[in-house]
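Down below is the structure, laid out as structure tokens.
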Amino acid sequence: MMSIRPDEIQGLKQAEGFLSLRGLTRRYGNFNAVDDLNLDVAKGELVAFLGPSGCGKTTSLRMIAGLAPSTSGHIVVDGHDITGVPPYRRDMGLVFQSYALFPHMDVARNIAFGLEMRKVGKAEAQERVREAIALVRLSGKEQHRPAQLSGGQQQRVALARALVVRPSILLLDEPLSNLDAKLREEMRNEIRDIQKRLGITAIFVTHDQMEALTICDKVAVMNHGRLEQLGTPLDIYEHPSTAFVAGFVGRINRLAGTASGGLAEVAGVQVAAPGFDGRVEVMVRPHRVSLSAYAPPAGDDRYALAGTVARATFAGDILEYEVEAGGVLMKSEAATRGGEGVLAPGTPVILSWHRRDTFVYAAS
Amino acid sequence: MDERPISPVLKAAAGLMFLFLLAPLIIVIPISLSGDTYMAFPPSSWSLRWYGAIFSDTRMTAAFSVSLILALVVTALSLLIGLPAAYALVRLRPLGAEVLGSLFTAPLLLPTIVLGLAILLVFAPLGLLGTFQGLVAAHLIVTLPYAIRVLSTALATLPIPVEEAAATLGAPPLTVFFRVTLPMMRSGMVSTAALCFLVSFDEVVLSLFMTGPRLSTLPVAMYRHVEQQADPLVAAISVLLVVLTLAVVIVVDRTAGLAKTFVR
Ligand SMILES: Nc1ncnc2c1ncn2[C@@H]1O[C@H](COP(=O)(O)OP(=O)(O)OP(=O)(O)O)[C@@H](O)[C@H]1O
Ligand SMILES: [Mg+2]
């Protein structure tokens, strides 16, 4: 099911955002790396591009930055079509997936390069470079060449180099992929802060859902070069508009079934499926499936299913059960609370979940 | 690099190889220190008189100046022409870039004597024989293929995203070239310069066709000298040339790394 929301229809007619992509397409031979991308990013907004490897995230950023030509479509910034404008006149910062530092310059000169190009005065430039270096926690490494830095340090230099010029649009291609968990969280909050403080419009490419959901205003989920859904993190998570989005963001149980007359039959349960006919996929997230010894009281807006525990996985903070029910395996997980045991395989249980947590899509 | 034990057989083979390569030096150095008036090995007496003789032989000192200035001019021109050519071939990729690339290296495949004859036939009517400009043009024909090859390789191995990063930071194409591309090609430039300098300085065959009674390069002057007299003068010059070559190689090694420069 591809839901089209009113704002998307409007967006197709005119450029709404500060940065707007209109039918942006990149074809290699007869393969569409980016396929008819339409997107509006408001001023000061941080949008995540989330999608599997090879779905066209980098290609999209390169077109926005002006480094790669588009096969068709337009890029509009602040009402001006900049599709043919060369990269050095776009005032965009790009953090490359491969860092792309200048190997013959030390850290300070790498970071100062953009300021020099913008003819920023010497004293101010020095001050801003110093700030940027402190921001990415590289004080003391000013005189190091890129070759003398670790991968994560190089990545931070790349980040500082793009941030220091305060571009009107910042494009980040997996800027934190090489950092450890702690530094990564610190850096993503720093990026968020500075982006909000300076009102920079930013696109943040990532594989990491947590990153996308926690710091971004909107998430654009891409697959096979196409935009699957654009929405707030809450939207994407609670109302995934396609089966792909539901399956890609967060974990999910997928159940195959058949729908007719507004109801879908899956694993012996009747699920509301208005407007569907034929084969469908019904999905529900494991932590929204609760597990109990008794059926939920009648009249509750929950679907229920009897089964037996097939496997229990204790992971410290969560406890996951795989339950065999109605001929399928379903996962249920919950935060551990202490004082409870782990059910043995074979224990009969009742699975139940709320109607609103149930997603139905036509099977592809 | 991993240190692996080297077999004694390989060591012996390598030793023999070195001996073979160094054999000329082993003969030439003693002869250059000869006190005799003719070349003989081993010399019957020792002296430095032939080193002194180089500097009082005006033909030789003049030829040395010609060779030095010629090599410097040829090197500069090779870089000046080779760099844009390599850039066009590698980056702008015009139609038939492959064919053009092969065409530019073709002079290296022709026997030099054939090339010399061809140059003679073309240059004679133009009045270029026996002129400095003629020598420069002739040497460029053999140095340019090297320059284009080495510079093309250097360019082709540069990471393009680094240049793209400079562009997104606001650097227009020419600035990107001078601030990023060129500095990253430094070792390629140094090795090209060294190669062109040595090829030009050593060149004999083409120079033989191009030099005249009043203009001679050092190798040609030495050749003519040996034809007429068999004194140890040329041995002394040879030793100085070896020292000069070593100096060039050391400079290259210091600035660009020898292994990186010549071993690809
Ligand atoms: N020069 C090219 N020629 C042909 N196909 C290309 C070229 N560049 C990219 N592609 C293809 O375009 C698709 C999108 O590539 P892109 O680099 O945008 O992916 P991505 O979403 O950034 O992936 P990742 O997360 O792995 O970085 C890929 O399938 C890739 O194979
Ligand atoms: Mg990518």
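Heads up: the sequence lines are chains U and G, in that order.
So the first sequence is numbered by the UniProt record's numbering: it starts at 1 and just counts up by one.
So the second sequence is numbered by the UniProt record's numbering: it starts at 1 and just counts up by one.
Think of the CB as a built atom: it goes at the ideal place given N, C-alpha and C, for glycine as much as any other residue.
Please identify the residue among the options whose C-alpha is closest to the C-alpha of residue i.
i	options	result
Leu227(U)	Pro52(U), Ala42(U) and Asn30(U)	Pro52(U)
Ala118(G)	Ala97(G), Gly96(G), Ile141(G) and Leu77(G)	Ile141(G)
Asp277(U)	Glu127(U), Leu159(U) and Leu263(U)	Leu263(U)
Ala193(G)	Arg91(G), Leu80(G), Phe55(G) and Val162(G)	Leu80(G)
Ile113(G)	Glu203(G), Phe64(G) and Leu16(G)	Glu203(G)
Thr258(U)	Val85(U), Leu46(U) and Ala362(U)	Ala362(U)
Lys122(U)	Ala134(U), Ile133(U) and Arg109(U)	Arg109(U)
Asp217(U)	Ala42(U), Leu37(U), Arg285(U) and Leu19(U)	Ala42(U)
Ser168(U)	Asn178(U), Lys196(U) and Glu142(U)	Lys196(U)
Leu24(U)	Val47(U), Asp91(U) and Ile82(U)	Ile82(U)
Leu50(U)	Ile236(U), Ala100(U) and Ile194(U)	Ile236(U)
Pro145(G)	Thr105(G), Leu120(G) and Met17(G)	Thr105(G)
Met185(G)	Gly73(U), Phe102(U) and Met222(U)	Phe102(U)
Val205(G)	Gly116(G), Leu195(G) and Leu215(G)	Gly116(G)
Met39(G)	Leu19(G), Thr255(G) and Ala230(G)	Ala230(G)
Tyr99(U)	Val162(G), Pro84(G) and Phe41(G)	Val162(G)
Gly152(U)	Arg166(U), Arg337(U) and Arg137(U)	Arg137(U)
Phe31(U)	Leu198(U), Met187(U) and Cys55(U)	Cys55(U)
Glu174(U)	Arg166(U), Phe96(U) and Asp193(U)	Phe96(U)
Val90(G)	Pro173(G), Ser216(G), Asp253(G) and Thr157(G)	Thr157(G)
Gly338(U)	Ala256(U), Arg188(U) and Gly316(U)	Gly316(U)
How many Å lie between residue i and residue j at the Cα?
i	j	result
Leu305(U)	Gly268(U)	8 Å
Ser45(G)	Leu233(G)	15 Å
Ser200(G)	Arg93(G)	29 Å
Asp7(U)	Tyr294(U)	For Asp7(U), the pLDDT reaches just 44, beneath the cut-off of 50, and the residue's location in the model is therefore unreliable, leaving the point undetermined.
Arg355(U)	Met283(U)	11 Å
Arg254(U)	Ser332(U)	12 Å
Trp50(G)	Pro30(G)	12 Å
Leu207(G)	Ser65(G)	Note on residue identity: the sequence assigns Ser, not Leu, to residue 207(G). One C-alpha to the other measures close to 15 Å.
Tyr303(U)	Arg90(U)	53 Å
Leu39(U)	Thr59(U)	15 Å
Arg59(G)	Ser238(G)	16 Å
Tyr223(G)	Pro213(G)	14 Å
Val289(U)	His224(U)	31 Å
Ala171(G)	His74(U)	24 Å
Lys57(U)	Ala220(U)	10 Å
Leu240(G)	Leu246(G)	10 Å
Gly84(U)	Arg26(U)	14 Å
Ser56(G)	Arg179(G)	47 Å
Leu108(G)	Leu100(G)	14 Å
Leu179(U)	Leu149(U)	13 Å
Leu95(G)	Ala88(G)	11 Å
Phe20(G)	Lys11(G)	14 Å
Ala236(G)	Val243(G)	11 Å
Val248(G)	Ile69(G)	15 Å
Thr336(U)	His287(U)	12 Å
Leu37(U)	Thr175(G)	33 Å
Leu159(U)	Arg4(G)	42 Å
Return the Cβ separation of residue i and residue j in integer angstroms, given the expectation that the two are a contact with Cβ distance under 8 Å.
i	j	result
Phe113(U)	Leu169(G)	5 Å
Val309(U)	Leu343(U)	5 Å
Gly79(U)	Leu170(U)	Gly79(U) to Leu170(U), Cβ: 19 Å. No contact.
Leu129(G)	Met17(G)	Contact flag wrong, Cβ pair sits at about 41 Å.
Ala197(G)	Thr61(G)	At residue 197(G) the sequence reads Phe, which differs from the Ala that was named. No, Phe197(G) and Thr61(G) are not in contact; Cβ-Cβ is about 19 Å, not under 8 Å.
Tell me which residues share the same chain as residue i and place their Cβ nearer than 7 Å to its Cβ, disregarding the 5 neighbours each side in the sequence.
i	result
Arg184(U)	Leu176
Val263(G)	With a pLDDT of only 44 at Val263(G), under 50, the local geometry of the prediction cannot be trusted, and the value read off the model is given with reservation. Same-chain partners within the cutoff: there are none.
Glu324(U)	Gly307, Thr308 and Ala310
Val164(U)	Ile111, Gly114, Leu115, Arg128, Val129 and Ala132
His144(U)	Asp106 and Val107
Gly346(U)	Thr308 and Val309
Leu12(U)	At Leu12(U), the pLDDT of 44 sits below 50, so the modelled position is not reliable and the matter cannot be decided from this model.
Among the residues of its own chain, which have a CB less than 6 Å from the CB of residue i, if the five just before and after it don't count?
i	result
Ala86(G)	Ile148, Leu151, Ser152 and Leu155
Ser292(U)	Ile350
Ala246(U)	Pro240, Ile252, Met283 and Phe359
Leu218(G)	Ala63, Phe64 and Ser67
Sorted by chain position, which residues of the same chain lie with C-beta nearer than 8 Å to residue i's C-beta, five sequence neighbours on each side aside?
i	result
Pro274(U)	Gly262
Met2(U)	Residue placement at Met2(U) is flagged as unreliable, the pLDDT there being 44, under the threshold of 50; the coordinate-derived value follows with that caveat. Excluding residues within five positions, the ones whose Cβ falls inside 8 Å are Ser241 and Thr242.
Val73(G)	Val136
request  = Could you please tell me which residues of the region 162-176 of chain G, in chain order, have their CB closer than 9 Å to any CB of chain U?
outcome  = Val162, Glu163, Glu164, Ala165, Ala166, Ala167, Thr168, Leu169, Gly170, Ala171, Pro172, Pro173, Thr175 and Val176
inquiry  = Beta carbons nearer than 9 Å to chain G: which residues of the region 145-178 of chain U have them?
reply    = Ala158, Arg161, Ala162, Val165, Pro167 and Leu171
query = Of the residues that make up the region 302-320 of chain U, which ones have a beta carbon closer than 9 Å to any beta carbon in chain G?
reply = none
key: Interfacial residues, the region 176-201 of chain G to chain U, with Cβ spacing under 7 Å   = Val180, Pro183 and Met184
inquiry  = Please list, in chain order, the residues of the region 127-160 of chain G that have any C-beta partner in chain U closer than 8 Å.
reply    = Pro159
ask   = Taking Cβ-Cβ distances below 7 Å as the criterion, which residues of the region 106-137 of chain U are in contact with chain G?
value = Phe113, Gly114, Met117 and Arg118
task = Note down, in chain order, all residues in the region 70-92 of chain U with a beta-carbon under 7 Å from any beta-carbon belonging to chain G.
result = Pro87, Tyr88 and Met92
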